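Engineer:
2 protein chains.
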Amino acid sequence: MTIKDIAEILKQNNNFEILTHNYPDGDCLGSGFGLCLALRQIGKNANVITTDLPKSFDYITEKVANQSFEPAYIVSVDVADEKLLGKNEEKYKGRIDLCIDHHASNTIEAKYRYVDPESAAAGEIIYEVIKELGAEITVDIANCLYTAVSTDTGCFRYANTTSRTLRIASDLLDLGCDSAYINKVMFETKSKRRIELERDILDKMIFCADDKCAIIYTTCEMVEGMGDDETEGIASIPRQIEGVKLGITIREKQGGEYKVSARTTEDVDACAFCAQFGGGGHVAAAGCTIKGTLEGTIAKLKEAAEKTL
Amino acid sequence: MTIKDIAEILKQNNNFEILTHNYPDGDCLGSGFGLCLALRQIGKNANVITTDLPKSFDYITEKVANQSFEPAYIVSVDVADEKLLGKNEEKYKGRIDLCIDHHASNTIEAKYRYVDPESAAAGEIIYEVIKELGAEITVDIANCLYTAVSTDTGCFRYANTTSRTLRIASDLLDLGCDSAYINKVMFETKSKRRIELERDILDKMIFCADDKCAIIYTTCEMVEGMGDDETEGIASIPRQIEGVKLGITIREKQGGEYKVSARTTEDVDACAFCAQFGGGGHVAAAGCTIKGTLEGTIAKLKEAAEKTL
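Protein chains in written order, with the working numbering: chain A, 1 to 309; chain B, 1001 to 1309.
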């Protein structure tokens, strides 16, 4: 499948529902709402289907009021697995017509699939699709797409950033996106509570495998009342430490479940590491879920880390 | 003066000394060494004159062994004032032939001046100059220039980033610069000691003026044995906090002197704030020095903050 094919399919259909993943981030929301605006611009009906929305993305979501129509074509954006649809999984399971994603681990069996792991963000694909659709990239769309490409690359800091990512960002600035505002909200603003959480996390950080692995964790109590946007990005803390090749973040969820993210340097495969626990993802960033106690989860991860490193 | 003029001047002269500022950063070193490599490539003699070099820039400086020649033409890069030449000030004062900079506040009275405050980094100017010289942007030069443009923009996060900055960065990636390595060293690596310092700073953070002002401080003891590169950037911590309009960082220096940096959001004038203590700077970032005790310094700053906010 090519970008041209995607544009053709979108032109031939109508009444779109665009699915995004749970715990939505800048890439799925920016890509989803950007695509939605472009489709509406070329005369289509389109809505974005989301789970709970962090308030920090209001500047994107507030521009796109829901339309009323009978849905006929389901597109997923940045969703690597139907399980990640969260509360929308039941409804849309097995019904996705077109899947657009950039996760190599994508498992969705849609009618049409376009999965490009070379793209740092799904937003890069959506940018090309919108251009191919012949829609104008308005300031609102540029803000959506800039949010997408900047957030999935840590503001162009992560190793997934390519010359194409930067060229698209450059184009979006020329098209009038408010990168100063978006960068401030996404990368430069922390709540007092967040600052306290970071301090707390650093206090409890665990090192293992000769300091080549650092593990941090949050319990439900530590993040009580905090939105997802307030706790976002903590997974990048442990890998930042000099000498750390495997940075692990554990997040306690309700019901004895622990969401684990692994971030690695080039020579350690985060995806393979998480696959041991039934998870997956990218080489440098992957995730899995472990059931049990916090202590048990830490012990399992430590053991796996010692073996891996 | 135009970029073309700069290239012409460089072509017509030889035996260059390229001056950089004290407490060197990625922009002055990347720009200086990038220009030096390009000049050598077109058959010129050139050296970069530096003050103490942080180890983190070894990947730049190690590629450029000093040449032996009688200096004949002095170029300053990213140096806003002769005072900033540090230990080299005496030697080069009043002798700069060509001054290339991007600080609006530049005070250097060189024979030729090219000061472009629209450039986020001096590296943007040097990139254009090298292209105009007709030199090839080798991987080594690309690494220098990527370091320059990325560090002065906080990896493209600060509001000074333009579409040109991003387009140059994109070009440099195409030319083979190792952005993944550079980003990791410059933006993603913190020593364990630095992590501990941050925790310590957060533990001791002071809020005042209805939480609109946050004050952090480091004592000589807290940073003992740490290099400037290890303590860099802490001044951005307090302003990041939601609701904080005035973020103050106090650094104890030897002899009962306290270096104060103020960072503000748009509606608070950091320069005016610091002027009360005999300092100055920009609207959003300024500094001053206060003599006395830590407690006294904090008390003075709190009082001034309450009055200002």
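Note that CB positions come from ideal geometry on N, CA and C, so glycine has one too. Quick caveat, the model's predicted, so the values are computed rather than measured.
Please return the same chain residues whose Cβ sits closer than 6 Å to the Cβ of G34 of chain A, not counting the five positions on each side in sequence.
Structural biologist: Same-chain partners within the cutoff: I126, I141, C144, L145.
Engineer: In angstroms, rounded to a whole number, what distance separates the CA positions of G1032 of chain B and L1010 of chain B?
Structural biologist: Whole-angstrom Cα-Cα distance: 14 Å.
Engineer: Of all the residues that make up the region 1204-1233 of chain B, which are near chain A by a beta-carbon distance shorter than 9 Å?
Structural biologist: Under the 9 Å Cβ criterion, the region 1204-1233 of chain B contributes M1205, F1207, D1211, A1214.
Engineer: Does the separation of the CB atoms of L166 of chain A and A1038 of chain B fall below 8 Å?
Structural biologist: Contact flag unset, no.
Engineer: In its own chain, which residues sit with a C-beta less than 6 Å from the C-beta of C1208 of chain B, not counting the 5 before and 5 after it?
Structural biologist: Here the set comprises K1302, A1305.
Engineer: Give every residue of the same chain whose Cβ lies closer than 6 Å to the Cβ of D211 of chain A, excluding the five residues on either side of it in the sequence, and list them in chain order.
Structural biologist: G243.
Engineer: Skipping 5 residues on each side, what residues in its chain have a beta carbon closer than 8 Å to that of Q67 of chain A?
Structural biologist: Correct list, in chain order: R40, N45, A46, N47.
Engineer: Given that a residue counts as buried once 16 or more other Cβ atoms are within 10 Å of its Cβ, and exposed if not, what is Y217 of chain A?
Structural biologist: With 16 or more other Cβ atoms within 10 Å, it is buried.
Engineer: Is the CB of A1104 of chain B under 8 Å away from at least one CB in chain A?
Structural biologist: No, because no Cβ of chain A sits closer than 8 Å to the Cβ of A1104 of chain B.
Engineer: Along chain B, in chain order, which residues have C-beta atoms closer than 7 Å to that of N183 of chain A?
Structural biologist: By Cβ distance, chain B contributes R1157.
Engineer: Give me the Cα-Cα distance between G1296 of chain B and T1050 of chain B, rounded to the nearest whole angstrom.
Structural biologist: If you take the alpha carbons of G1296 of chain B and T1050 of chain B, they lie about 37 Å apart.
Engineer: Using beta-carbon positions only, say whether A1000 of chain B and A1285 of chain B come within less than 8 Å of one another.
Structural biologist: Nothing can be reported for residue 1000 of chain B, as the shown portion of chain B is limited to 1001 through 1309.
Engineer: Bridge partners for C1099 of chain B per DSSP, in chain order?
Structural biologist: Its beta-bridge partners are B:S1076, B:R1113.
Engineer: Given that R199 of chain A touches chain B, what residues does it touch there, using C-beta distances under 7 Å?
Structural biologist: Going along chain B in sequence order, the residues near R199 of chain A (Cβ under 7 Å) are R1199, L1202, D1203.
Engineer: Which first and last residues belong to the alpha helix (DSSP H) in which S1236 of chain B is found?
Structural biologist: It spans 1236-1239 - the alpha helix (DSSP H) in which S1236 of chain B sits, taken as one unbroken run.
Engineer: Give the list of continuous beta strand (DSSP E) stretches no shorter than 3 residues that lie fully inside the region 1221-1267 of chain B.
Structural biologist: Runs of the beta strand (DSSP E) inside the region 1221-1267 of chain B: 1246-1253, 1257-1264.
Engineer: Return yes when the Cβ of L1019 of chain B is within less than 8 Å of the Cβ of S1105 of chain B, no when it is not.
Structural biologist: Their beta carbons are not under 8 Å apart, which means S1105 of chain B does not touch L1019 of chain B by this criterion.
Engineer: Go ahead and pull the three-state DSSP assignment for C1271 of chain B.
Structural biologist: It is helical.
Engineer: Can you check which of these residues, A:V185, A:G233, A:E109, is closest to Y59 of chain A by C-alpha distance?
Structural biologist: Taking only the C-alpha atoms, the option nearest Y59 of chain A is A:V185.
Engineer: Hey, could you find the ends of the alpha helix (DSSP H) C28 of chain A is sitting in?
Structural biologist: Start and end: 26-41.
Engineer: Measuring only the C-alpha atoms, how far is K307 of chain A from T1153 of chain B?
Structural biologist: Spanning the two alpha carbons is a distance of roughly 39 Å.
Engineer: Thinking just about the alpha-carbon of each residue, which of B:G1043, B:Y1023, B:Y1158, B:E1090 is nearest to the one in S1056 of chain B?
Structural biologist: Comparing Cα-Cα distances from S1056 of chain B to each of B:G1043, B:Y1023, B:Y1158, B:E1090, the minimum goes to B:Y1023.
Engineer: In the structure shown, what three-state DSSP assignment does E1198 of chain B receive?
Structural biologist: DSSP places E1198 of chain B in helix when its eight states are reduced to three.
Engineer: Between T249 of chain A and V1283 of chain B, what straight-line distance do the alpha-carbon atoms span, to the nearest angstrom?
Structural biologist: The alpha-carbon atoms of T249 of chain A and V1283 of chain B are separated by roughly 38 Å.
Engineer: Whose CA, out of B:V1149, B:G1256, B:C1274, B:G1086, lies closest to the CA of G1123 of chain B?
Structural biologist: Closest by alpha carbon: B:V1149.
Engineer: Return the CA-CA distance between N1013 of chain B and D1005 of chain B, expressed in angstroms with no decimal places.
Structural biologist: Distance between the alpha carbons of N1013 of chain B and D1005 of chain B is about 12 Å.
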